[in-house]
Amino acid sequence: MKTEQSAAAIRAIVGGRVIDPASGHDGVADILIADGQVERIGRGIASGIPEEAVIHAEGMIVAPGFIDLHTHLREPGREDEETVETGSAAGVSGGFTTVCCMPNTEPAIADQETVRFVVDRAQSAAGKVHPIGSITRDRKGESLAEIADMVAAGAVAFSDDGAPVANAGLLRRAMEYAQMFDVTLVSHCETPDLSRDGVMHEGSVSTKLGLRGIPAISEEICVARDIALARMTGCRLHIAHLSTAGSVELVRAAKAIGVRVTAEVTPHHLMLTDDLVARDFDPLLKVNPPLRTKEDVAALRDGLLDGTIDCIATDHAPHAEQEKDGEFDLAPFGMIGLETALGVCQRALIENGLADWPFLIDCLTRRAARVFGLDAGRIEPGAPADIVCFDPKAQWEVTLASLKSKSKNSPYVGWTLTGVVRATIVDGQLVYRNLSNAEPAPATARARATTTKTAGSPARR
Ligand SMILES: [Zn+2]
Numbered sequence: 023m024k025t026e027q028s029a030a031a032i033r034a035i036v037g038g039r040v041i042d043p044a045s046g047h048d049g050v051a052d053i054l055i056a057d058g059q060v061e062r063i064g065r066g067i068a069s070g071i072p073e074e075a076v077i078h079a080e081g082m083i084v085a086p087g088f089i090d091l092h093t094h095l096r097e098p099g100r101e102d103e104e105t106v107e108t109g110s111a112a113g114v115s116g117g118f119t120t121v122c123c124m125p126n127t128e129p130a131i132a133d134q135e136t137v138r139f140v141v142d143r144a145q146s147a148a149g150k151v152h153p154i155g156s157i158t159r160d161r162k163g164e165s166l167a168e169i170a171d172m173v174a175a176g177a178v179a180f181s182d183d184g185a186p187v188a189n190a191g192l193l194r195r196a197m198e199y200a201q202m203f204d205v206t207l208v209s210h211c212e213t214p215d216l217s218r219d220g221v222m223h224e225g226s227v228s229t230k231l232g233l234r235g236i237p238a239i240s241e242e243i244c245v246a247r248d249i250a251l252a253r254m255t256g257c258r259l260h261i262a263h264l265s266t267a268g269s270v271e272l273v274r275a276a277k278a279i280g281v282r283v284t285a286e287v288t289p290h291h292l293m294l295t296d297d298l299v300a301r302d303f304d305p306l307l308k309v310n311p312p313l314r315t316k317e318d319v320a321a322l323r324d325g326l327l328d329g330t331i332d333c334i335a336t337d338h339a340p341h342a343e344q345e346k347d348g349e350f351d352l353a354p355f356g357m358i359g360l361e362t363a364l365g366v367c368q369r370a371l372i373e374n375g376l377a378d379w380p381f382l383i384d385c386l387t388r389r390a391a392r393v394f395g396l397d398a399g400r401i402e403p404g405a406p407a408d409i410v411c412f413d414p415k416a417q418w419e420v421t422l423a424s425l426k427s428k429s430k431n432s433p434y435v436g437w438t439l440t441g442v443v444r445a446t447i448v449d450g451q452l453v454y455r456n457l458s459n460a461e462p463a464p465a466t467a468r469a470r471a472t473t474t475k476t477a478g479s480p481a482r483r
């Protein structure tokens with residue numbers, strides 16, 4: 023059970039290392055907040071503010087709240103697995119102040135009414151939640167959904183994620199249409215004829231285990247096709263969860279000739295490899311696209327570092343315990359990721375010296391916001407005060423009890439991760455706070471915004 027309490031208004035965050043990739047700021051500073059917006063950034067500017075409205079951030083990194091372009095919230099339809107409220111609560115505890123939720127719900131987010139339903143549910147969530155509408159009606163891949171109506175209702179992008187739009191002619195029409203509204207189409211790239219009923223990456227490990235494989239080329243053919251269509255139509259194309267070295271090459275080449283393509287990578291594809299499946303056939307490692315080889319992981323890291331891949335997105339995919347509990351073959355695809363993203367990315371990129379904090383924060387904030395054109399991801403006067411404060415050195419052990427998502431399907435349970443979120447602020451309201459030194463606060467200690475985020479907030483459209 024959780025406690026209901028109205029979140030406290032924060033007026034100053036003092037003494038932390040403020041890293042804002044959008045402005046290039048990186049140094050110890052105070053931030054003043056007024057009316058839900060950043061007012062000023064500077065040194066020694068926070069005198070005279072009542073103590074209860076101050077966050078002392080000495081030793082912490084203070085960054086724009088993270089933005090996830092790829093979250094599955096399961097509402098409507100599977101509220102037993104996740105809801106807008108519980109998913110957003112998991113998000114803010116992981117530092118995410120904005121999440122964009124995919125339309126593969128039941129029913130699908132495929133019309134104005136369902137977009138409105140999610141936007142409405144988001145009003146009482148701890149963080150900001152923006153729905154992504156489906157490209158095709160009911161995600162069936164047969165005819166176009168009402169894209170214009172959904173844009174008007176607040177959809178920030180369009181995707182049939184979970185499946186590709188297999189019909190290239192239909193995707194072409196969707197791109198021509200989307201371009202009129204300058205909205206982004208998000209492609210889940212997979213070629214059904216090649217993936218068929220595969221359950222893991224096709225390679226030496228799948229052969230050894232006798233499990234049906236999903237070849238890298240299943241993704242790459244679709245990436246190539248969708249890039250070609252984007253080049254022809256001029257549509258803004260975003261490729262979800264890039265997972266292979268070949269896909270990175272294709273996106274790199276497309277960007278070099280000016281195609282309007284962006285791409286994301288998940289924390290798990292930056293960290294985990296297919297050979298882990300051989301250890302214990304753990305269904306928690308079953309994701310789509312599948313975990314690939316260490317060469318793919320290296321290429322994805324390189325792609326992120328050189329800007330080929332624009333941002334990190336979690337593909338947070340909650341599943342009920344009984345569904346992930348059985349055989350590897352039969353389990354659904356997906357793992358949760360909002361709460362572990364910071365720690366897993368820290369390990370994949372910073373601990374090994376590949377990148378520094380400003381770079382990782384950029385991938386989780388400004389670079390993500392740019393893809394969908396969201397008014398978020400920066401700490402500047404006048405910007406929404408969506409801010410995360412985290413201790414970059416503190417560690418926590420991932421346990422079932424520490425996870426706030428309604429579903430617990432994380433392969434990281436038992437891992438010790440570095441980087442503990444101490445406070446998350448949305449529109450100037452403290453929506454999450456954790457002062458424990460050991461692990462994230464239990465769900466009962468979480469405060470939730472009840473009065474913030476009016477419909478007129480600039481992040482909503
Ligand atoms: Zn997908």
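The sequence shown begins at 23 in the numbering used here and counts up one residue at a time.
In this text, a Cβ means the ideal position worked out from N, Cα and C, and glycines have one as well.
Would you say the beta carbon of residue i is closer than 6 Å to some non-hydrogen atom of ligand 1?
| i | result |
| --- | --- |
| residue 130 | no |
| residue 183 | yes |
| residue 262 | yes |
| residue 341 | no |
| residue 290 | no |
| residue 520 | Past the boundaries of the shown model lies residue 520; the chain is included only from 23 to 483, so the question cannot be answered. |
| residue 210 | yes |
Return the residue from the list the options that minimises the CA-CA distance to residue i.
| i | options | result |
| --- | --- | --- |
| residue 423 | 185, 267 and 435 | 435 |
| residue 211 | 246, 331 and 421 | 246 |
| residue 192 | 203, 207 and 178 | 207 |
| residue 37 | 57, 70, 84 and 73 | 84 |
| residue 316 | 59, 67, 62 and 296 | 296 |
| residue 382 | 227, 86 and 104 | 86 |
| residue 289 | 320, 268 and 364 | 364 |
| residue 404 | 54, 179 and 169 | 54 |
| residue 238 | 264, 205, 76 and 105 | 264 |
| residue 174 | 451, 185, 155 and 184 | 155 |
| residue 440 | 391, 378, 369 and 428 | 369 |
| residue 319 | 217, 266 and 202 | 266 |
| residue 118 | 431, 418 and 362 | 362 |
| residue 329 | 32, 108, 298 and 388 | 388 |
| residue 402 | 29, 46, 32 and 31 | 46 |
| residue 88 | 44, 72 and 56 | 44 |
| residue 185 | 273, 271, 262 and 234 | 262 |
| residue 366 | 419, 392, 321 and 79 | 419 |
| residue 351 | 29, 273 and 310 | 310 |
| residue 214 | 291, 187, 248 and 202 | 187 |
Buried or exposed, going by whether 16 or more other CB atoms sit within 10 Å of the CB of residue i?
| i | result |
| --- | --- |
| residue 162 | exposed |
| residue 93 | buried |
| residue 50 | exposed |
| residue 460 | Annotation note: pLDDT 46 at residue 460 (below 50); position unreliable, no value reported. |
| residue 41 | buried |
| residue 293 | buried |
| residue 451 | buried |
| residue 456 | buried |
| residue 34 | buried |
| residue 326 | buried |
| residue 344 | exposed |
| residue 226 | exposed |
| residue 346 | buried |
| residue 433 | buried |
| residue 39 | buried |
| residue 438 | exposed |
Return yes when at least one heavy atom of ligand 2 lies under 6 Å from the C-beta of residue i, else no.
| i | result |
| --- | --- |
| residue 429 | Ligands present in the displayed structure are limited to ligand 1, and ligand 2 is not among them. |
Open item on the list: Would the stretch 194-205 count as touching the stretch 247-264 if we require 3 or more Cβ pairs under 8 Å?
Closed with: When Cβ pairs closer than 8 Å are counted between the two stretches, the stretch 194-205 is seen to touch the stretch 247-264, the count reaching three or more.
TODO: Please confirm if the stretch 103-121 is in contact with the stretch 141-159, defined as three or more CB-CB distances below 8 Å between the two stretches.
DONE: yes
Open item on the list: Can you confirm whether the stretch 294-314 touches the stretch 276-286 when touching is taken to mean that 3 or more C-beta pairs between the two stretches lie within less than 8 Å?
Closed with: no
- [ ] Give a yes or no on contact between the stretch 369-389 and the stretch 332-340, applying the rule of three or more CB pairs nearer than 8 Å.
- [x] yes
Open item on the list: Taking 8 Å as the cut-off, does the stretch 339-358 touch the stretch 396-414 (at least 3 CB pairs, one atom from each stretch)?
Closed with: no
Open item on the list: Does the contact criterion of 3 or more C-beta pairs under 8 Å hold for the stretch 402-421 versus the stretch 131-142?
Closed with: Verdict: no, contact absent.
Task: At least three beta-carbon pairs within less than 8 Å, the stretch 159-173 to the stretch 123-132 - done: yes
Task: Touch test, the stretch 414-429 against the stretch 65-77, Cβ-Cβ under 8 Å, three pairs minimum - done: The stretch 414-429, when compared against the stretch 65-77, does not touch it at the 8 Å Cβ threshold.
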